[in-house]
Amino acid sequence: MQYVLRNTLMQILGFGVLALVWAKHRLQGYTKPNTVADENWEGRHAYVQDVVESWLRFMPRDVEIRDRDVLELGPGSSLGTGALLLAHGARSYLAVDAFRLTGGEPASFFAETIDRFPHRLKKADIARAKTSTAKRTDEFDYQVEADFDIAKLAGGRQFDMIVSCAAFEHFDDIDRTIADISQVARPGCVSLHIVDFQTHSRWIRDRDPNNIYRFPNWLYAMLSFPGQPNRKRPADYRRAFEKNGWKDVRVVPAVSIGQDILAPSLQGLAAPFNGPDMDMSMLHGVVIAFRP
Numbered sequence: 435m436q437y438v439l440r441n442t443l444m445q446i447l448g449f450g451v452l453a454l455v456w457a458k459h460r461l462q463g464y465t466k467p468n469t470v471a472d473e474n475w476e477g478r479h480a481y482v483q484d485v486v487e488s489w490l491r492f493m494p495r496d497v498e499i500r501d502r503d504v505l506e507l508g509p510g511s512s513l514g515t516g517a518l519l520l521a522h523g524a525r526s527y528l529a530v531d532a533f534r535l536t537g538g539e540p541a542s543f544f545a546e547t548i549d550r551f552p553h554r555l556k557k558a559d560i561a562r563a564k565t566s567t568a569k570r571t572d573e574f575d576y577q578v579e580a581d582f583d584i585a586k587l588a589g590g591r592q593f594d595m596i597v598s599c600a601a602f603e604h605f606d607d608i609d610r611t612i613a614d615i616s617q618v619a620r621p622g623c624v625s626l627h628i629v630d631f632q633t634h635s636r637w638i639r640d641r642d643p644n645n646i647y648r649f650p651n652w653l654y655a656m657l658s659f660p661g662q663p664n665r666k667r668p669a670d671y672r673r674a675f676e677k678n679g680w681k682d683v684r685v686v687p688a689v690s691i692g693q694d695i696l697a698p699s700l701q702g703l704a705a706p707f708n709g710p711d712m713d714m715s716m717l718h719g720v721v722i723a724f725r726p
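If you read the sequence shown in this note's numbering, its first letter stands for residue 435, the second for the next number, and so on.
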């Protein structure tokens with residue numbers, strides 16, 4: 435009972451934010467995948483570098499990018515991640531999305547992204563990556579379809595590595611998405627996905643990161659919009675990957691709720707998020723799975 439008043443206030447404020455975001459999306463549609471402005475090229479460089487460095491940090495030690503065909507789900511506003519993956523020796527890169535949020539970046543941006551990467555890259559890989567990103571080819575491709583039919587978007591291609599960053603939490607049906615990527619994954623494929631489990635609206639997120647979990651399913655669904663966080667938890671990802679035959683499935687905690695707000699953040703949550711197996715202290719997690 436200690437935090438009832440505080441959490442009731444947060445729920446009211448969160449409902450107001452949720453309603454405003456719902457209204458905004460009704461008027462404008464889903465257009466802004468991250469906080470980096472379109473004209474902020476410096477910010478774009480920093481963002482894609484951070485994403486790739488995060489993938490590398492959580493990549494299992496015995497897994498390399500070299501000679502792998504890589505599929506990225508929901509790249510958002512930049513394909514610079516693909517340029518860096520090619521510069522690390524990837525054989526090819528395909529990005530797929532349900533919304534066309536990028537595709538107009540010049541070759542000079544990709545070349546500069548590669549040149550700015552702070553870690554050592556092989557000259558031959560750099561040269562090949564710059565050539566591949568100079569124009570759209572099977573080695574560097576981007577496909578968009580509203581239905582997000584991954585097999586169709588892949589066009590018969592198969593992959594040895596499937597990655598995403600802050601994308602999976604926006605997919606309406608993670609069970610379908612995981613079933614779809616299972617169809618295009620080769621034996622030995624590694625799947626690595628950074629998932630942002632917390633509330634996305636910035637002001638409320640800093641004060642009450644579990645705010646979106648305070649609402650019952652019917653109310654949250656009533657205010658749904660394209661790209662709305664799906665409120666799936668680590669156990670849902672483990673279950674879906676294992677159901678589709680993936681092995682060694684785990685969700686590694688990347689960021690957890692700070693001790694100063696941990697106790698109130700875990701109280702007053704709607705069912706089923708008040709259950710013991712929900713890992714509600716995890717804000718960011720990395721889903722890792724292997725295709726046998």
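Positions of the beta carbon are idealized from the N, C-alpha and C atoms, including for glycine.
For residue i, three-class secondary structure by DSSP
{"i": "Val-656", "result": "In the sequence on display, residue 656 carries Met and not Val. Helix, per DSSP."}
{"i": "Ser-512", "result": "coil"}
{"i": "Pro-687", "result": "strand"}
{"i": "Val-618", "result": "coil"}
{"i": "His-627", "result": "strand"}
{"i": "Ser-598", "result": "strand"}
{"i": "Tyr-576", "result": "strand"}
{"i": "Gly-709", "result": "coil"}
{"i": "Phe-724", "result": "strand"}
{"i": "Phe-449", "result": "helix"}
{"i": "Lys-564", "result": "helix"}
{"i": "Leu-703", "result": "coil"}
{"i": "Lys-522", "result": "Rather than Lys, the amino acid found at residue 522 in this sequence is His. Coil, per DSSP."}
{"i": "His-459", "result": "helix"}
{"i": "Lys-681", "result": "strand"}
{"i": "Thr-633", "result": "coil"}
{"i": "Met-716", "result": "strand"}
{"i": "Phe-649", "result": "coil"}
{"i": "Phe-593", "result": "strand"}
Assigned exposure category for residue i - 16 Cβ within 10 Å defines buried
{"i": "Pro-687", "result": "exposed"}
{"i": "Ala-588", "result": "buried"}
{"i": "Gly-719", "result": "buried"}
{"i": "Ala-697", "result": "exposed"}
{"i": "Leu-505", "result": "buried"}
{"i": "Trp-652", "result": "exposed"}
{"i": "Pro-552", "result": "exposed"}
{"i": "Ser-511", "result": "buried"}
{"i": "Met-656", "result": "exposed"}
{"i": "Asp-531", "result": "buried"}
{"i": "Asp-501", "result": "exposed"}
{"i": "Leu-454", "result": "exposed"}
{"i": "Ser-598", "result": "buried"}
{"i": "Leu-738", "result": "A question about residue 738 goes unanswered here, because the residues of the chain that appear run from 435 up to 726."}
{"i": "Ala-558", "result": "exposed"}
{"i": "Ala-521", "result": "buried"}
{"i": "Ser-658", "result": "exposed"}
{"i": "Pro-706", "result": "exposed"}
Beta-carbon gap between residue i and residue j smaller than 9 Å
{"i": "Ala-529", "j": "Gly-516", "result": "yes"}
{"i": "Leu-519", "j": "Ile-499", "result": "yes"}
{"i": "Asn-441", "j": "Arg-648", "result": "yes"}
{"i": "Gln-408", "j": "Gln-693", "result": "Look at the range of the chain in this structure, 435 to 726, and you will see that residue 408 is not part of it."}
{"i": "Ser-526", "j": "Asp-583", "result": "no"}
{"i": "Leu-507", "j": "Phe-631", "result": "no"}
{"i": "Val-629", "j": "Phe-593", "result": "no"}
{"i": "Leu-452", "j": "Ile-596", "result": "no"}
{"i": "Leu-602", "j": "Tyr-671", "result": "First, the residue type needs correcting, since residue 602 is Phe and not Leu in the sequence shown. A contact, by the Cβ cut-off of 9 Å."}
{"i": "Asp-614", "j": "Ala-585", "result": "yes"}
{"i": "Asp-609", "j": "Ala-674", "result": "yes"}
{"i": "Val-578", "j": "Arg-534", "result": "yes"}
{"i": "Arg-684", "j": "Ile-722", "result": "yes"}
{"i": "Gly-523", "j": "Lys-556", "result": "yes"}
Closer than 9 Å to chain D by CB, residue i
{"i": "Asn-708", "result": "Within the model displayed, chain D is absent; a lone protein chain is all it includes."}
Note to self: Contact between the segment 612-625 and the segment 674-684 is defined here as three or more beta-carbon pairs at a separation below 8 Å; is this criterion met?
What the structure shows: yes
Note to self: Quick check on the DSSP output: what are the complete alpha helix (DSSP H) runs of length 4 or more inside the segment 475-510, in order along the chain?
What the structure shows: Complete alpha helix (DSSP H) runs here, min 4: 475-492.
Check: For the 8 Å Cβ check, are there 3 or more pairs between the segment 652-667 and the segment 474-487?
Finding: No, they do not touch.
Checklist line | Every unbroken beta strand (DSSP E) within the segment 526-562, with a cutoff of 3 residues, ordered by chain | finding: 526-531
Note to self: Does the structure place the segment 636-652 close enough to the segment 440-455 that three or more beta carbon pairs sit under 8 Å?
What the structure shows: Between the segment 440-455 and the segment 636-652 there are three or more C-beta pairs closer than 8 Å, enough to call the two in contact.
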